[in-house]
Structure formats: structure tokens, C-alpha cells
Amino acid sequence: MTHGTFISFEGIDGAGKSTHIARVADVFRAQGRAVVQTREPGGTPLAEKLRALVLHEPMDALTEALLMFAARREHLVQVIEPALARGDVVLCDRFTDATFAYQGGGRGFDWQVLTLLERMVQALPDGGVRQPDLTVWFDLDPQIAAQRLASARLPDKFESQPADFFAAVRAAYARRKQEMPGRFARIDAAQSIDAVGADVARVLDAWRHRGAA
Ligand code: TYD
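Numbering (numbering that gives the first Met the number 0), first residue to last: 0 to 212.
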């Protein structure tokens with residue numbers, strides 16, 4: 000059995016999760032925990048190569064989904080599972096919920112096929128499926144997200160999608176939360192950075208008090 004802590008951070012592009020991941024890392028480090036801060040797609044040299052392809056090359060929807068899961072498999076085997084086995088805290092900027100949200104919701108790819116791939120790629124020796132212990136979902140109206148992104152850097156393949164794509168991504172995150180309510184915490188990401196930060200801290204405290212960490 001593993002004793003680490005696995006937390007993922009999700010949300011549509013522009014929801015502002017990156018700032019908060021760094022703060023959460025500081026909190027755990029201050030408690031003396033070893034923290035592995037990582038991201039998907041990516042997190043290993045091979046998975047980062049797959050990231051560059053999948054974020055910038057046009058491709059078929061199944062190819063895109065398979066590459067997301069291929070990158071995830073490498074990441075799990077090389078980084079996440081060893082870190083959890085050591086007892087570390089793994090903070091992951093996106094995980095499988097993003098595949099359900101973007102490929103499932105945004106692209107309209109078959110939810111059941113994604114569920115099968117998830118079971119295969121995240122299979123555990125005891126027959127279970129690896130999932131984050133906690134998923135912090137930065138939920139934001141796609142129109143506000145688009146305004147925030149307009150002043151940001153050059154968009155990648157996903158960031159340049161129209162507003163209705165992100166409305167579908169958002170709805171798919173909500174569906175995942177409904178399917179796995181125990182590990183999901185929704186944060187209202189339309190608030191100021193400080194208010195969002197305070198909510199993230201509250202979510203972590205509440206979760207710890209449930210005895211999970
Ligand atoms: P993102 O996490 O926003 O990183 P950055 O802040 O560097 O832009 O970018 C990753 C993009 O990949 C984002 O648009 C969502 C997309 N994505 C998927 O479509 N499916 C997935 O399974 C994952 C993990 C990400």
C-alpha cells in the first residue's frame with residue numbers, strides 16, 4: 000500500500016490554478032513533507048515530448064486521447080507511483096479529469112472509451128484504479144477565462160478553441176465531480192487571487208480534518 004498524498008488541480012484554461020499550486024507546495028514543505036510538483040500532459044522526458052506534439056499538432060480525436068493516456072502512463076510509472084510509495088506529496092497540474100473534460104467534453108469523444116482507457120492506464124496491483132486523493136477544481140465562467148487569456152501569451156491548440164468548447168469542458172468537469180464527489184472540491188475561480196487562495200487553504204484544511212492526510 001502507498002502512504003503518499005496525491006492532489007490534482009483542474010480547470011479550464013485561464014482559471015488561474017498555477018499560482019495556487021506553488022502555494023500549496025509551500026504549505027506541505029513547511030510541514031516537512033517531500034513534495035513532487037508535476038504536470039500533465041508531461042512530467043517525464045518522454046511525456047513532455049508527447050505534450051509538445053499533442054498541444055501543437057492537429058490530430059484525430061482518438062489519437063489525441065491515446066497520446067494523453069500514453070503520457071499519463073509514463074508519468075504514473077516513472078514519477079507518481081514511486082513518489083507515492085515513498086510517502087511524498089504529489090501535486091499534479093491536471094490529471095485524468097482533464098482528459099474527460101477536454102477530450103470527452105470539449106471534443107465530444109466517447110466517455111465510455113475514456114473510462115476503459117482510464118482503467119487500463121491507472122490500474123493498481125490490487126485491482127483498483129489510481130485516482131487523486133483530492134482534486135481541486137478551479138471553476139470559472141468560460142467568458143471570464145477568455146478575457147483573462149486574451150492578455151496572456153500565444154495560445155496553444157486548446158487555448159485557441161471557441162467559448163462553446165470551454166462551456167463543454169466545464170460541463171464535463173461538473174459531470175466528473177458528480178461521478179466521484181468524494182475527491183472533488185470546487186473552488187469559485189472568479190474571485191480575487193487572494194480569495195481563491197483562502198478557499199484552497201480551507202479545502203486543504205477540511206480535507207486533512209477528514210483524516211485523509
Ligand atoms: P495547461 O495545463 O493549461 O498548461 P499551461 O498553463 O502551460 O498552458 O495546458 C495543458 C493543456 O492540455 C490544456 O489546454 C488542457 C489540455 N489537456 C487535455 O486536453 N487533456 C488532458 O488530458 C490534459 C492533461 C490536458
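Glycine residues also receive a C-beta, built at the ideal position from the N, C-alpha and C atoms.
### Task
Would you kindly work out how many angstroms separate the C-alpha atoms of Arg-85 and Pro-161, rounded to a whole number?
If you number the sequence shown from 1, residue 85 lands on position 86. If you number the sequence shown from 1, residue 161 lands on position 162. C-alpha separation (whole angstroms): 42 angstroms.
### Query
How about Ser-17: is its Cβ closer than 7 angstroms to a heavy atom in ligand 1?
Locating residue 17 in the sequence shown gives position 18, where the first residue counts as 1. Yes, ligand 1 has a heavy atom inside 7 angstroms of this Cβ.
### Task
Would you mind stating whether Gly-42 and Phe-137 have Cβ atoms separated by less than 8 angstroms?
The residue labelled residue 42 in the question sits at position 43 within the sequence shown. The residue labelled residue 137 in the question sits at position 138 within the sequence shown. Not a contact, by the Cβ cut-off of 8 angstroms.
### Proximal residues to Arg-106 (C-beta, below 6 angstroms), its chain only, five neighbours per side dropped
The residue labelled residue 106 in the question sits at position 107 within the sequence shown. Within the same chain, Arg-106 has close Cβ partners Ala-60.
### Residues that DSSP places opposite Leu-4 in a beta bridge
The sequence position of residue 4 within the sequence shown is 5, counting from 1. Contrary to the premise, residue 4 reads as Thr rather than Leu in this sequence. The partner list for Thr-4 (beta bridge, DSSP) reads Val-88.
### Message
At a cut-off of 7 angstroms, would you count Met-119 as near ligand 1, judging by its Cβ distance to the nearest heavy atom?
### Response
Within the sequence shown, numbered from 1, the residue matching residue 119 stands at position 120. No, Cβ of Met-119 sits at least 7 angstroms from all heavy atoms of ligand 1.
### Message
According to DSSP, simplified to helix, strand and coil, what is Gly-42?
### Response
Translated into positions along the sequence shown, residue 42 becomes position 43. Three-state DSSP puts Gly-42 in coil, outside helix and strand.
### Query
Using the beta-carbon count (16 or more within 10 Å), is Met-67 buried or exposed?
Here residue 67 refers to the residue found at position 68 of the sequence shown. That one is buried.
### Task
Examine ligand 1 and report whether any of its heavy atoms sits within less than 7 angstroms of the Cβ of Leu-83.
Here the question's residue 83 lines up with position 84 in the sequence shown. No; taking the cut-off as 7 angstroms, the Cβ of Leu-83 has no heavy atom of ligand 1 nearer than that.
### Task
Say yes only if the C-beta of Thr-98 is nearer than 7 angstroms to one or more non-hydrogen atoms of ligand 1, and no if none qualify.
Along the sequence shown, read from residue 1 onward, the residue named residue 98 stands at position 99. Because some heavy atom of ligand 1 lies under 7 angstroms away, the Cβ of Thr-98 counts as near it: yes.
### Message
Whole angstroms are fine: how far does the CA of Val-112 sit from the CA of Ala-24?
### Response
Counting from one through the sequence shown, the residue named residue 24 turns up at place 25. Counting from one through the sequence shown, the residue named residue 112 turns up at place 113. When rounded, the separation of the alpha-carbon atoms in Ala-24 and Val-112 is 34 angstroms.
### Query
Can you name the start and end residues of the beta strand (DSSP E) that Leu-133 belongs to?
In the sequence shown, residue 133 corresponds to position 134, counting from 1. Counting along the chain, the beta strand (DSSP E) containing Leu-133 begins and ends at 133-138.
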